[in-house]
DNA sequence: TTGAAAGCGCTAACAC
DNA sequence: GTGTTAGCGCTTTCAA
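Chains as they are written, first to last, in full-length UniProt numbering: chain A, 1 to 336; chain B, 1 to 336.
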């Protein structure tokens with residue numbers, strides 16, 4: 001139970017604990033002699049100041065929080081989600097802070113973990129995914145003057161919400177350009193209608209595609225429903241392109257905006273001769289892609305970088321630095 | 001900055017803050033009348049006691065830690081690693097504690113995060129993977145009397161180390177039995193020699209296989225190097241089984257003890273007619289397995305359960321409960 | 001049943 | 001430069 005306190009160090013060094021405190025905090029106005037003496041004693045006894053007590057006095061916790069929703073099996077099952085965490089964690093520890101994970105969870109007192117953490121100042125700042133930044137949570141953060149950064153572009157109709165996100169427009173451009181370089185000319189994009197309307201990142205990827213195709217004077221063809229692909233297949237069989245709503249020439253590439261869409265397509269692949277002639281492309285790399293039955297082109301999204309940037313931004317805000325950018329968009333590149 | 005304290009609540013209720021404290025802690029010896037009054041005021045002002053200050057007084061932190069190594073890309077890239085976290089987190093929050101993630105990280109003062117957290121009592125208890133429980137860390141935990149639970153079977157030559165792990169012997173049994181039920185009789189297992197000697201979980205899986213085969217009076221064939229499989233292939237071509245060291249009849253199933261081994265095998269698959277006739281099997285499910293070129297049988301390992309059990313065990317230890325089991329082995333079943 | 005006061009380990013204003 | 005003292009928000013003796 002070796003629980004050595006500042007007082008004991010002070011006694012051992014024959015000084016007042018305030019003096020020890022000054023040494024700890026590298027305060028000025030300390031004689032070289034006593035500083036060295038105190039430091040020696042501290043080292044000898046392996047003394048580390050209790051950060052809880054320190055936090056109480058400083059009104060700080062030296063802790064950064066991350067809010068997540070562990071009932072969201074989709075996020076938790078997604079390895080990329082953790083890439084972000086990894087990036088955050090690295091920065092947090094480099095800044096001598098601790099990292100508190102808090103999941104959405106209502107405890108017995110019927111106040112949420114999030115609310116508790118924020119109102120109790122259990123953390124000095126926190127990172128929150130855009131999907132969890134509700135109006136209510138936003139109000140709480142503002143009310144308690146808690147520094148925060150959002151991962152994913154802010155969707156809340158509020159000004160000045162700091163966020164970090166992948167540049168999805170650029171990702172769409174890069175992927176499309178890559179396919180064009182490979183020789184593809186009739187590039188389709190699978191971007192479900194409702195989903196695009198709901199999720200801005202999908203609209204952005206679509207936008208990147210559209211811009212690039214236009215710039216290269218190629219025809220745009222957006223597929224909103226996988227059913228159209230079946231039709232496409234029939235059209236090919238009969239040598240016609242009727243009812244496809246896309247350009248008459250045969251498509252040679254298909255961009256899927258999400259993994260789910262890609263899987264949907266891959267599920268069809270077996271026994272579908274048309275798809276096997278198509279260059280498939282999507283966003284994000286994923287494990288085992290090389291073992292898939294169909295090779296897939298993709299842009300490599302650096303989510304670890306996203307985590308790092310978010311954490312860096314948070315520390316800037318916590319330190320009340322000036323010139324902190326309102327938002328950061330991270331560029332992507334073709335993977336592998 | 002609404003930062004309401006116990007004193008303000010006391011003033012508002014016209015009582016001493018000690019009385020408020022007693023209400024908070026459901027202490028006995030409180031008149032129903034004042035309790036209700038105080039509770040009303042607390043509710044009205046949305047008061048939540050500051051757990052930092054509370055911790056200082058109680059000498060507790062209401063926080064549970066998890067130690068990991070974020071430089072271990074293998075763990076961080078493994079979605080199953082996070083299943084464990086998810087399980088832990090659920091239990092931790094159900095017990096009204098916070099969850100602190102700490103990565104192996106040496107900070108500027110050249111003392112590790114782990115050491116800081118333990119010696120400062122930043123957490124009331126912690127969960128640590130067996131791979132990170134070094135002699136040094138163990139000593140630290142003992143010295144500071146810090147409750148802990150190890151995930152994965154304890155490998156340190158110490159008594160009384162509490163751990164939770166998957167029952168790998170049973171997993172090996174279940175998988176082998178499954179293949180037998182499918183009609184396989186000549187089941188090989190790929191278990192690399194050095195790896196088996198190093199990692200007990202591999203030896204356990206092998207043991208489960210061996211026992212089951214023996215019980216069913218089937219011949220055991222352990223492959224230590226993937227090269228043997230190439231030989232096997234040749235043997236098949238020439239109709240002989242020379243130099244394979246395994247039973248003369250043709251193998252109809254292959255158990256891979258790890259994903260890495262499985263992938264190694266799958267890498268060969270293209271153009272290898274022999275492998276395509278083999279039932280492949282491994283441990284752990286993994287995402288996208290259905291999109292792989294070769295169907296794979298597997299046991300479903302419930303790592304979320306493992307996390308839950310570990311956390312539960314930790315709380316038992318923290319609460320100094322009696323009859324806490326020394327270790328827990330979790331059973332598995334065939335997946336899908 | 002309640003209040004007053006000391007203390008958890010540390011920092012910070014104010015003296016000297 | 002260094003010591004003294006009060007205080008961070010809460011709990012817990014000890015009296016009343």
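In this text, a Cβ means the ideal position worked out from N, Cα and C, and glycines have one as well.
Handout entry: Simplified DSSP assignment, three categories, for residue 15 (chain A)
Key = Looking up residue 15 (chain A) in the first chain gives position 15. Of the three classes helix, strand and coil, the one that applies to residue 15 (chain A) here is coil, per DSSP.
Where do the N-terminal and C-terminal ends of the beta strand (DSSP E) with residue 255 (chain A) fall, by residue?
-> As a working mapping, residue 255 (chain A) is identified with position 255 in the first chain. Judged by DSSP secondary structure, residue 255 (chain A) falls within the beta strand (DSSP E) whose first and last residues are 253–256.
Next item on the list: Please confirm if residue 244 (chain A) has its CB atom under 8 Å from at least one CB of chain B.
Entry: Counting from one through the first chain, the residue named residue 244 (chain A) turns up at place 244. The predicted position of residue 244 (chain A) is uncertain, since its pLDDT is 41 and thus under 50; a value taken from the coordinates is nonetheless stated next. With its beta carbon at least 8 Å from every one in chain B, residue 244 (chain A) lies outside the interface.
Checklist entry - For residue 104 (chain A), which of A:128, A:90, A:68 has the nearest alpha-carbon? => result What you label residue 104 (chain A) is simply residue 104 of the first chain in a count that begins at 1. Looking at A:128, A:90, A:68, the one whose alpha-carbon comes closest to that of residue 104 (chain A) is A:68.
ask   = Does the Cβ of residue 168 (chain B) have 16 or more other Cβ atoms within 10 Å, making it buried, or fewer, making it exposed?
value = Taking the first residue of the second chain as position 1, residue 168 (chain B) is located at position 168. Its Cβ being crowded by 16 or more others within 10 Å, residue 168 (chain B) is buried.
* So which of B:187, B:227, B:202 has the shortest CA-CA distance to residue 194 (chain B)? -> Here residue 194 (chain B) refers to the residue found at position 194 of the second chain. Nearest C-alpha to residue 194 (chain B): B:202.
Mind listing which residues of the segment 51–65 of chain B have their C-beta closer than 7 Å to chain A's C-betas, in chain order?
Identification of residues in the segment 51–65 of chain B having a C-beta nearer than 7 Å to some C-beta of chain A yields 51, 52, 53, 55, 56, 61, given in sequence order.
Note to self: Let's see if you can read the secondary structure: which residues bound the alpha helix (DSSP H) around residue 280 (chain B)?
What the structure shows: In the second chain, residue 280 (chain B) corresponds to position 280, counting from 1. Judged by DSSP secondary structure, residue 280 (chain B) falls outside any alpha helix (DSSP H) and instead within the beta strand (DSSP E) spanning 279–283.
What does residue 101 (chain A) touch in chain B if you count any residue whose Cβ is under 7 Å from its own?
The residue you call residue 101 (chain A) lines up with position 101 of the first chain. The answer, in chain order, is 89, 99, 101.
**OP:** Verify the CB distance criterion: does residue 82 (chain A) have a CB-CB separation below 8 Å to chain B?
**Re:** As a working note, residue 82 (chain A) is residue 82 in the first chain. By this cut-off, residue 82 (chain A) is an interface position.
On the DSSP bridge list, what partners appear for residue 151 (chain B)? Taking the second chain and counting its residues from 1, the one referred to as residue 151 (chain B) is at position 151. Answer by DSSP bridge pairing, in chain order: B:129, B:164.
Query raised in the report: In its own chain, which residues sit with a C-beta less than 8 Å from the C-beta of residue 158 (chain B), not counting the 5 before and 5 after it?
Result: Looking up residue 158 (chain B) in the second chain gives position 158. If we look at residue 158 (chain B) and ignore the five residues flanking it on each side, its Cβ neighbours are 138.
Are residue 294 (chain B) and residue 303 (chain B) touching if we call contact CB-CB under 8 Å? Reading the second chain from its first residue, position 294 is the one you call residue 294 (chain B). Reading the second chain from its first residue, position 303 is the one you call residue 303 (chain B). For the 8 Å CB-CB criterion, residue 294 (chain B) and residue 303 (chain B) do not form a contact.
Among residues of its own chain, excluding the 5 on either side of residue 131 (chain A), which ones have a beta-carbon nearer than 6 Å to its beta-carbon?
-> The residue labelled residue 131 (chain A) in the question sits at position 131 within the first chain. By the criterion of a C-beta distance shorter than 6 Å, residue 131 (chain A) is surrounded by no residue of its chain, once the five residues flanking it on both sides are discounted.
What are the start and end residues of the beta strand (DSSP E) that includes residue 100 (chain B)?
-> The residue labelled residue 100 (chain B) in the question sits at position 100 within the second chain. Membership of residue 100 (chain B) in the beta strand (DSSP E) is indicated by the continuous run 98–103.
Subject >> Contact under 8 Å by Cβ, residue 133 (chain B) with residue 116 (chain B) >> reply: Walking along the second chain from the start, residue 133 (chain B) turns up at place 133. Walking along the second chain from the start, residue 116 (chain B) turns up at place 116. Going by C-beta atoms, residue 133 (chain B) is not nearer than 8 Å to residue 116 (chain B).
Handout entry: Buried or exposed (CB count within 10 angstroms, at least 16 for buried), residue 204 (chain B)
Key = Working through the second chain from its first residue, we reach residue 204 (chain B) at position 204. The residue is buried, with at least 16 neighbouring Cβ atoms inside 10 Å.
task: Kindly give me the distance between the Cβ atoms of residue 171 (chain A) and residue 224 (chain A), rounded to whole angstroms, as I take these residues to be in contact under 8 Å.
output: Taking the first chain and counting its residues from 1, the one referred to as residue 171 (chain A) is at position 171. Taking the first chain and counting its residues from 1, the one referred to as residue 224 (chain A) is at position 224. Between residue 171 (chain A) and residue 224 (chain A) a beta carbon distance of about 20 Å is seen, past the 8 Å cut, so the two are scored as non-contacting.
- Task: Buried or exposed for residue 32 (chain B), please, with buried defined as at least 16 other CB atoms from any protein chain shown within 10 angstroms of its CB.
- Result: As a working note, residue 32 (chain B) is residue 32 in the second chain. Per the 10 Å Cβ criterion, exposed.
Three-state secondary structure assigned by DSSP to residue 333 (chain B): For the purposes of this step, residue 333 (chain B) is identified with residue 333 of the second chain, where counting begins at 1. Here DSSP, grouped into helix, strand and coil, assigns residue 333 (chain B) to strand.
* chain A beta carbons: is any one of them nearer than 8 Å to that of residue 237 (chain B)? -> Here the question's residue 237 (chain B) lines up with position 237 in the second chain. Confidence in residue 237 (chain B) is poor, its pLDDT being 47 and thus under 50, which makes the residue's placement unreliable; the coordinate value appears in the next sentence. Judged by the 8 Å Cβ criterion, residue 237 (chain B) is not in contact with chain A.
Close beta carbons around residue 102 (chain A), own chain, < 6 Å, minus the five adjacent residues each side: As a position in the first chain, residue 102 (chain A) is number 102, starting the count at 1. Cβ contact annotation for residue 102 (chain A) (same chain, cutoff 6 Å, sequence separation greater than five): 65, 67, 113, 117, in chain order.
Checklist entry - residue 300 (chain B) by DSSP, collapsed to three states: which one? => result Residue 300 (chain B) sits at position 300 when you count from the first residue of the second chain. Three-state result, residue 300 (chain B): strand.
In the structure shown, what three-state DSSP assignment does residue 67 (chain B) receive?
-> As a working mapping, residue 67 (chain B) is identified with position 67 in the second chain. The answer is strand: DSSP assigns residue 67 (chain B) an E or B state.
**Prompt:** What are the start and end residues of the beta strand (DSSP E) that includes residue 190 (chain A)?
**Reply:** The residue labelled residue 190 (chain A) in the question sits at position 190 within the first chain. Its beta strand (DSSP E) spans residues 187–190.
Per-residue burial, residue 312 (chain A) [other beta carbons within 10 Å of its own, 16 or more giving buried]: As a position in the first chain, residue 312 (chain A) is number 312, starting the count at 1. Buried, since its Cβ has 16 or more Cβ neighbours within 10 Å.
Margin query: Along the chain, where does the beta strand (DSSP E) containing residue 220 (chain A) start, and where does it finish?
Written below: Counting from one through the first chain, the residue named residue 220 (chain A) turns up at place 220. No beta strand (DSSP E) holds residue 220 (chain A); DSSP gives it neither H nor E.
Assuming contact is defined by CB atoms lying nearer than 8 Å, are residue 212 (chain B) and residue 177 (chain B) in contact in what I supplied? On the second chain, residue 212 (chain B) is found 212 positions in, with the first residue counted as 1. On the second chain, residue 177 (chain B) is found 177 positions in, with the first residue counted as 1. The Cβ atoms of residue 212 (chain B) and residue 177 (chain B) lie closer than 8 Å to each other.
State the CB to CB distance for the pair residue 400 (chain A) and residue 335 (chain A), rounded to an integer number of angstroms; the pair is presumed to be in contact (CB under 8 Å). This structure leaves residue 400 (chain A) out entirely; chain A is present only between 1 and 336.
request  = Using a Cβ-Cβ cut-off of 8 Å, state whether residue 93 (chain B) counts as contacting chain A.
outcome  = By 1-based counting over the second chain, the position of residue 93 (chain B) is 93. The beta-carbon of residue 93 (chain B) is placed less than 8 Å from the nearest beta-carbon of chain A.
(message) By alpha-carbon positions, which one of A:13, A:329, A:226 ends up nearest to residue 44 (chain A)?
(response) Position 44 of the first chain, counted from the start, is the residue given in the question as residue 44 (chain A). Checked all of A:13, A:329, A:226; the closest Cα to residue 44 (chain A) is A:13.
| query | Quick one: Cα of residue 241 (chain A) to Cα of residue 277 (chain B), how far? | reply | Here residue 241 (chain A) corresponds to residue number 241 of the first chain, with the count starting at 1. Here residue 277 (chain B) corresponds to residue number 277 of the second chain, with the count starting at 1. With a pLDDT of 40 at residue 241 (chain A), under the threshold of 50, the modelled position of that residue is not reliable, and no figure is offered here.
- Task: Can you tell me which of B:55, B:16, B:51, B:6 puts its alpha carbon nearest to the alpha carbon of residue 42 (chain B)?
- Result: On the second chain, position 42 is the one that residue 42 (chain B) refers to. The residue with the shortest Cα to Cα distance from residue 42 (chain B) is B:6.
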